[in-house]
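I have placed the structure first, in the form of structure tokens, so that the comments after it can refer back to it.
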Amino acid sequence: MIDVLDGVEEWLDDGKKVALVTLIATERSAPRDPGAAFAVNEDGKVLGSISGGCVEPAAITEAMNVIETGVPQRMTYGITDEDACAVGLTCGGTVHLMIERIDW
Amino acid sequence: MGELFKAVAHAIREKEPVAVVTEVQGPNPGAKMLVGEESVTGSLGDEKLDGAVIENARGFIDMAQTGTRTYGPQGQGNSEEVEVFIQAFSQPPDMYVLGAVNLANAVVRLGKFLGYRVTVVDARRIFANQERFPEADEVVVQWPNEFLETAPISRRTAIVILTHDPKFDIPILEFALKSPVGYLGAMGSRRTHEKRKANLREIGVTDEQMERIHAPLGLDLGARTPEETAVSILAQIIALRTGRSGGHLDEASGRIHA
């Protein structure tokens, strides 16, 4: 979360709605450790990364929903080799994400 | 809106040790708490649940850990109804292993395993080198008492004295007893320690101050090998941190987890 603090604070100060997507657990290989996070604002702008690209597209879509509804979601994604992952990424693991609107 | 987030951002920038707690599954998904070493902001909606989570979160802060834990709705330990994500923002605690003796290697390995940032210190270059302690974060060739004078020491720090020589032990203990160090253990038999205490008395250390020294060090496990001895030392460090006796759980009653 540390790497998105400044940017998220700026968005909040500008009155933007922001969703935080946090990696809360991983199974088998995953590119980053629990606690990694990225942020999405209501305009669809994205800050940071949690997987190097594998699960971001799906998570961003979900984050836009959460910004809309305000209802947090706990999601599980498998990073399979068949997914549209760029060559060279660590794949084959499962990640658990918490997606929440920052209204706290 | 964004107030707790700003408090989190402030604490992280000021390097205040904190943990951010999020209920990720349960009756109040998204509920948040900001837990400091002495402060708490927010609630998960149940006083008992908050109590259990806060205690765990402070353990996470102590060891700079991040992960999920499950509880019952009132904080019960044997339930998975409520899943909580705890992210600590703190530096890993320091462990200073003074004396690059054989036992030091096992202590280093276990210290790393438990999440310490481990530094080995010995004045003798032939013993204090990275080849002998590949898992140590740092190996320092210096008189241990001189090392301590410039090293950061807090109540989360563990100092394990393995030098077993009054020439080193006494100056180390004299300095360490003036610091806020959380764990201070010194290797040696009861007889060695009685001599040590006599030496310390001579330089004005009181018996009351000396109660902070754990010597002989470790829990009474009947340890024989360096590895077993290291387990007994690290187990004592955990028990002292959590305020537990270190006995058998099947002979105790009450809560299992600190």
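Line by line, the protein sequences are chains A and B. Using the numbering used here, you'd call the opening residue of the first sequence number 534 and step up by one each time. Using the numbering used here, you'd call the opening residue of the second sequence number 379 and step up by one each time. Glycine included, each C-beta is placed from N, C-alpha and C at the ideal position.
Query                                                                                                                        : Result
Cβ of A/L630 within 7 Å of any chain B Cβ                                                                                    : no
Runs of beta strand (DSSP E) wholly within the stretch 452-484 of chain B (minimum 3 residues, chain order)                  : 460-467 and 472-476
Closest residue to A/T602 among A/D636, A/D536 and A/T555 (Cα-Cα distance)                                                   : A/D636
Endpoints, the alpha helix (DSSP H) within which B/R568 is located                                                           : R568 to E580
Chain B residues whose Cβ lies nearer than 9 Å to that of A/G581                                                             : Under the 9 Å cutoff, chain B gives no residues; its nearest Cβ is about 14 Å from A/G581.
CB-CB length for B/Q614 against B/L627, believed under 8 Å                                                                   : At roughly 16 Å, the Cβ-Cβ gap does not stay under 8 Å, so B/Q614 and B/L627 are not in contact.
7 Å Cβ cutoff, B/L382 in contact with chain A                                                                                : yes
Selected residue, minimal CA-CA separation from A/T627, among A/D547, A/L538, A/M534 and A/D566                              : A/D566
Residues, ordered as in the chain, of the stretch 580-611 of chain A that lie near chain B by beta-carbon distance below 9 Å : G603, V604, P605, Q606 and R607
Assumed close pair B/T497, B/V518 - CB separation to whole angstroms, cut-off 8 Å                                            : 6 Å
CB-CB length for B/Y494 against B/I537, believed under 8 Å                                                                   : Their Cβ separation, rounded to whole angstroms, is 11 Å, which puts B/Y494 and B/I537 out of contact at 8 Å.
Where A/F571 falls: helix, strand or coil (DSSP)                                                                             : strand
Where A/I557 falls, given that 16 or more other Cβ within 10 Å makes a residue buried                                        : buried
Interface flag, B/P407 vs chain A, CB-CB below 7 Å                                                                           : yes
Segment contact, 8 Å Cβ cut-off, at least three pairs: the stretch 458-470 of chain B with the stretch 577-595 of chain B    : no
Span separating the alpha-carbon of B/S468 from that of B/G420                                                               : 20 Å
Candidates A/Q606, A/V551, A/L630 and A/D546, of which the one nearest A/A572 by Cα                                          : A/V551
First and last residue of the uninterrupted alpha helix (DSSP H) at B/K545                                                   : P544 to A554
Contact with chain A by B/G414, beta-carbon distance below 7 Å                                                               : no
Within-7 Å CB hit, B/A389 to chain A                                                                                         : no
Where B/Q469 meets chain A, residues with beta-carbon distance less than 7 Å                                                 : Near B/Q469 there are no residues of chain A at all, since even the closest Cβ is about 13 Å away, more than 7 Å.
Three-way DSSP call (helix, strand, coil) for B/M411 in this model                                                           : strand
DSSP state of B/D628 mapped onto helix, strand, coil                                                                         : helix
Through-space distance from A/V579 to A/G548, alpha-carbon basis                                                             : 16 Å
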